[in-house]
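Take a look at the structure set out below.
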Amino acid sequence: MDYESWSKEALVARLRELDKLVYDHKRPDPSREAQPALGLETTTTRSAETMSETTEALAEGDAEATPPRKGRIRRTSFDFGKLPKRKIALKFSYLGWPYYGLARQGNVLESTDKQKIDEQFPTVEGVLFRALANCGLIVSESTCGYSRCGRTDRGVSSFGQVISLYVRSSGKFITEEEVEAIAKEGGEKSKMVTRDIYNDGKPVLLPPVESELPYASMLNKHLPPEIRILAWSPVSIDFNA
Numbered sequence: 001m002d003y004e005s006w007s008k009e010a011l012v013a014r015l016r017e018l019d020k021l022v023y024d025h026k027r028p029d030p031s032r033e034a035q036p037a038l039g040l041e042t043t044t045t046r047s048a049e050t051m052s053e054t055t056e057a058l059a060e061g062d063a064e065a066t067p068p069r070k071g072r073i074r075r076t077s078f079d080f081g082k083l084p085k086r087k088i089a090l091k092f093s094y095l096g097w098p099y100y101g102l103a104r105q106g107n108v109l110e111s112t113d114k115q116k117i118d119e120q121f122p123t124v125e126g127v128l129f130r131a132l133a134n135c136g137l138i139v140s141e142s143t144c145g146y147s148r149c150g151r152t153d154r155g156v157s158s159f160g161q162v163i164s165l166y167v168r169s170s171g172k173f174i175t176e177e178e179v180e181a182i183a184k185e186g187g188e189k190s191k192m193v194t195r196d197i198y199n200d201g202k203p204v205l206l207p208p209v210e211s212e213l214p215y216a217s218m219l220n221k222h223l224p225p226e227i228r229i230l231a232w233s234p235v236s237i238d239f240n241a
C-alpha cells in the first residue's frame with residue numbers, strides 16, 4: 001500500500017485503526033484459540049507489517065530504525081564538560097500498546113534498580129532516554145533540564161508529544177573577546193550566542209539549524225519502529241514543554 005500520497009490526517013486515522021486491531025488481537029479469545037484455522041496469525045502479522053510501514057511514512061524519510069537491546073546502554077567517551085549544549089524541543093509519535101505509558105519509572109540511566117523496573121514494565125520515556133544516551137546526546141536525565149507536555153496511560157498512543165531538554169551541540173565555546181566582536185558585527189550571528197547554567201555560564205556560539213547535529217535521524221536509528229522522532233526545534237532557555 002502506498003502511504004506516501006496519504007495526508008497526515010489519513011495516516012493518523014490509519015494508525016489508530018491498526019493500534020486498536022493489534023490491541024484486540026493481543027487479548028485472549030477462547031473462540032479464536034479453539035479455531036486456529038481462521039488465519040488469525042496471518043492477519044496479526046500483516047497488521048504489524050502495515051503498522052511498521054505507516055510509522056516509517058510518518059518519519060518522513062528518517063533513517064531506518066533498529067530496536068535497541070533491552071538494558072544495554074552504551075556509555076560514550078565524550079567529555080561533556082568540554083562540549084557545548086543547546087536547548088531543543090523534540091516532537092515525536094508513538095504507538096502505546098507495547099508500553100506502560102509515557103512516563104519513566106524513575107531515573108533509568110543512573111539507577112540500576114530503576115533500569116530493571118523499566119525493562120520489566122517498559123515506558124516510552126525509558127526507551128527514549130536510553131536512545132539519547134546511546135547517541136551521546138546526554139549524560140543523565142537529572143542534568144539535561146528535561147520537561148514534558150502531558151502524559152499517557154498504559155496502551156495509549158500519541159501522535160504529537162513534545163519534550164524539551166539540553167543536548168550535545170556541534171556549536172563551540174567562545175571567549176568574551178569573541179562575544180564582543182560578534183556583538184559589534186550584529187546580524188544573525190549575534191543572535192546565536194547564548195550562555196546558561198547548563199554550559200556553566202560560558203558563552204556558546206550555536207550553529208544554524210541546517211548545520212546542527214541531525215537529532216531526529218540520530219535518535220530514530222536507536223529507537224524501535226513504534227517510536228518516531230518527527231522533528232526538532234531550537235528553543236529559548238526559558239522554554240518549558
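Each step along the sequence shown adds one to the number in UniProt numbering, with nothing skipped, and position 220 is 220. Each residue gets a CB set at the ideal place from its N, CA and C atoms; glycine is no exception.
Assigned exposure category for Thr175 - 16 Cβ within 10 Å defines buried: By the beta-carbon neighbour count (other beta carbons within 10 angstroms, threshold 16), Thr175 is exposed.
Pairwise C-alpha distance: Pro84 and Arg168: Answer to the nearest angstrom: the Cα atoms are 6 Å apart.
Rounded C-alpha distance that separates Glu212 from Glu119: Rounded to the nearest angstrom, the gap between the Cα atoms of Glu212 and Glu119 is 32 Å.
Check: Leu15 C-beta below 7 Å from any heavy atom of the ligand PLP: As presented, the structure is devoid of all ligands, the ligand PLP included, so that no description of it is given.
Nonlocal neighbours in the same chain, by C-beta distance under 6 Å from Phe80, ignoring five residues either side: Cβ-Cβ distances below 6 Å link Phe80 to Val139 in the same chain, with the five nearest sequence neighbours on each side left out; the list follows chain order.
Contacts around Leu132, its chain only, beta-carbon distance under 6 Å, and the 5 residues preceding and following it disregarded: Within the same chain, Leu132 has close Cβ partners Ile138.
Where Arg46 falls: helix, strand or coil (DSSP): Per-residue confidence for Arg46 stands at a pLDDT of 41, beneath the threshold of 50, marking its modelled position as unreliable; the derived number appears in the next sentence. Arg46 falls in the helix class under three-state DSSP.
C-alpha distance - Ala181 paired with Tyr198, whole-angstrom precision: Looking at the two C-alpha atoms, the distance is approximately 24 Å.
Check whether Lys82 and Tyr166 have beta carbons under 8 Å apart: Against a cut-off of 8 Å, the Cβ pair of Tyr166 and Lys82 comes out as no contact.
Beta-bridge partners of Thr194, as assigned by DSSP: Partner(s): Val204.
Cβ neighbour criterion (16 or more within 10 Å) applied to Glu9: With fewer than 16 Cβ atoms within 10 Å of its Cβ, Glu9 is classed as exposed.
First and last residue of the uninterrupted alpha helix (DSSP H) at residue 245: The requested residue 245 does not occur in the structure, where the chain is confined to residues 1 to 241.
Lys114 - containing alpha helix (DSSP H), residue span: Residues Thr112 to Gln120.
Neighbour-count burial assignment, Pro122, 16 or more Cβ in a 10 Å radius: Buried: at least 16 other Cβ atoms inside 10 Å.
Where Lys221 sits in the DSSP three-state scheme: Reduced to three states, the DSSP call for Lys221 is coil.
Whether Tyr94 touches Glu226 by CB criterion (8 Å): In this structure, Tyr94 sits near Glu226, with a CB-CB distance shorter than 8 Å.
Where Gly160 falls, given that 16 or more other Cβ within 10 Å makes a residue buried: Burial call: exposed.
Residues near Arg16 in its chain [Cβ-Cβ closer than 8 Å; skip 5 each side]: Non-local beta-carbon contacts of Arg16 in its own chain, meaning distances under 8 Å to residues more than five positions away in sequence, involve Ser157 in chain order.
Where Arg16 falls: helix, strand or coil (DSSP): Note: Arg16 maps to helix in three-state DSSP.
Nearest-angstrom Cβ-Cβ length linking residue 250 and Ile229, presumed shorter than 8 Å: Residue 250 falls outside the range modelled here, since the chain spans only 1 to 241, and no answer is possible.
Supposed close pair Glu203, Phe239 - CB separation, criterion 8 Å: With the sequence shown as reference, residue 203 is identified as Pro, and Glu is not the correct amino acid for it. Wrong, their Cβ atoms sit about 20 Å apart, outside the cutoff.
Inter-residue spacing [alpha-carbon to alpha-carbon] between Ala103 and Glu141: Going from the Cα of Ala103 to the Cα of Glu141 covers about 13 Å.
Distance between Gly186 and Leu219 (C-alpha atoms, nearest Å): The straight-line gap from Cα to Cα measures roughly 34 Å.
Helix, strand or coil at Leu95 according to DSSP, with G and I counted as helix: Under the three-state reduction of DSSP, Leu95 is assigned to coil, being neither helix nor strand.
Nearest residue (CA-CA) to Leu128, options Asp196, Tyr215, Arg195 and Pro208: That would be Tyr215, whose Cα lies nearest to the Cα of Leu128.
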